[in-house]
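Engineer:
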Amino acid sequence: MSSPSPTTDHGAQPAVVVDDVTKNYGSRRAVDGVSLDIRRGEFFGLLGPNGAGKSTLVEIMEGLRRADSGSVTVFGESTWPRNTGLLPRMGVQTQSSAFFVRQTVHEHLRTVAALFGTDRAAVDRTLEAVGLDDKHDVRVDDLSGGQRQRLAIASALVHGPELIFLDEPTAALDTEGRRDLWEVLRGLKAAGRTIVYTTHHLDEAEALCDRVGILVDGRLVVTDEPQSLIGNSGATSRLLVPLGRIDEEQAAGLPGVEGVAVQGGHLVLQTRATGRVLAALDPLTGLDGVQTRTPSLEDVYLELTARPQSPLVSNNQEQS
Ligand code: ADP
2 MSSPSPTTDH GAQPAVVVDD VTKNYGSRRA VDGVSLDIRR GEFFGLLGPN
52 GAGKSTLVEI MEGLRRADSG SVTVFGESTW PRNTGLLPRM GVQTQSSAFF
102 VRQTVHEHLR TVAALFGTDR AAVDRTLEAV GLDDKHDVRV DDLSGGQRQR
152 LAIASALVHG PELIFLDEPT AALDTEGRRD LWEVLRGLKA AGRTIVYTTH
202 HLDEAEALCD RVGILVDGRL VVTDEPQSLI GNSGATSRLL VPLGRIDEEQ
252 AAGLPGVEGV AVQGGHLVLQ TRATGRVLAA LDPLTGLDGV QTRTPSLEDV
302 YLELTARPQS PLVSNNQEQS
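Residue numbers for the sequence shown follow this note's numbering, so the first one is 2 and each next one is one higher.
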């Protein structure tokens, strides 16, 4: 359903192929028949409410967890049983990344880099990229939450992997830190890396991702480019008209208006025909102070995730 992104390499084999993967924890189906191709060079966002199965699916892609059925290949190779040959090509940041807490930031990253035979220059470059270049000599256990998160990301990047998995990388960052990290992630994408990441920040996914997949109760309900999702969703735009200009009944009668509500100091008109409504409003109230809010990925997301289902399976299986 999505059209190709100009920045991705379509000729090559996909970076990740997920084929009909299912995973149960006891009677709980965490991942339910998910199939998905992630292209090389793509920035792919996996979205969904808590408990939707994102971490489980990502861990299966990373080869850290076994699927009950279905298969995953990364660069054409199976990830299970554990495929250590893939480790240099993958970078993994989890929310509970392990640290050498008594080491300094630089020592920690040098230790991680040494595991992959990566040189010291890469350590310096990576710390600079994540904005920790002024923290070289700070002990890891003295870092703030946001700084630890950056170090976790640096630890996933230092060996220059082609495929990078990031689990809510901006969760503990303030607005400025998030924006800085966006630039790091954009730089990685520009360098041709494939990025798979989970986030609860819909604005961020809209700004960064070539495509997003939305998981609901273990099922991938949609996979598409953010702008296509928004365009195809039929979500309404909102026109905010300062109160007192036009009454609710009159607004509801305007051509193209699908709903009217009072919110704060505004009358909010919902419409799929913004131009038509603005043209009708203009002679009545003038357009001064009228604001337009176009639908966002968040609107589409809320609509798609508002219909929860609880797929349960009857067989009890070991948790692994
Ligand atoms: P998300 O990352 O989207 O929050 P998860 O993959 O963590 O979702 O969880 C999906 C479902 O599987 C949830 O119902 C969660 O409680 C359950 N779950 C996750 N990990 C385990 C586990 N190790 N044992 C049992 N249930 C689990």
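Beta carbons: idealized from backbone N, C-alpha and C, even for Gly.
1. Tell me which same chain residues have a C-beta within less than 8 Å of the C-beta of F101, skipping the five on either side of it?
2. Measuring from the CB of N1, is there a heavy atom of ligand 1 at a distance below 7 Å?
3. Could you spell out the range, first to last residue, of the alpha helix (DSSP H) harbouring K190?
4. Nearest to L48 by CA position, among G42, E226, T286, T176, is which residue?
5. Kindly provide the ranges of any alpha helix (DSSP H) runs that are 4 or more residues long and lie completely inside the segment 42 to 86, ordered along the chain.
6. If you compare alpha carbons, which of R90, S70, G290, T306 is closest to E63?
7. Going by DSSP, which residues form a beta bridge with H267?
8. My output table needs one value for I215: the three-state DSSP class, helix, strand or coil.
9. Can the beta-carbon of L255 be found less than 8 Å from the beta-carbon of T293?
10. Within the present structure, is the beta-carbon of A173 separated from the nearest heavy atom of ligand 1 by less than 7 Å?
11. Could you tell me whether the Cβ atoms of V73 and A123 are closer together than 8 Å?
12. Assign E304 to buried or exposed, taking buried as 16 or more other Cβ atoms, counted over all protein chains shown, within 10 Å of its Cβ.
13. G46 to A262, Cα distance in whole Å?
14. State yes or no: is the C-beta of A68 nearer than 7 Å to some heavy atom of ligand 1?
15. Per DSSP, what kind of secondary structure is D142 in: helix, strand or coil?
16. Is the separation between the beta-carbon of T195 and that of I39 shorter than 8 Å?
Structural biologist: In terms of the structure at hand:
1. Same-chain partners within the cutoff: E108, H109, T112, V141.
2. What is shown of the chain runs 2 to 321, which leaves residue 1 out entirely.
3. Segment 176 to 191, the alpha helix (DSSP H) holding K190.
4. Among G42, E226, T286, T176, the Cα nearest to that of L48 belongs to E226.
5. The qualifying runs are 55 to 63.
6. If we check each option's Cα against that of E63, R90 comes out closest.
7. Bridge partners of H267: P243, Q264.
8. I215: strand per DSSP, three-state reduction.
9. T293 sits away from L255, with the two beta carbons spaced by 8 Å or more.
10. Relative to ligand 1, even the nearest heavy atom lies 7 Å or more away from the CB of A173.
11. Cβ distance not < 8 Å, so V73 and A123 don't count as in contact.
12. By the neighbour-count criterion, in which a residue is buried when 16 or more other Cβ atoms sit within 10 angstroms of its Cβ, E304 is exposed.
13. Between G46 and A262, the alpha-carbon positions lie close to 33 Å from each other.
14. Outside the cutoff, so no.
15. Shown here, D142 sits in a helix according to DSSP, grouped into three states.
16. Cβ distance < 8 Å, so T195 and I39 count as in contact.
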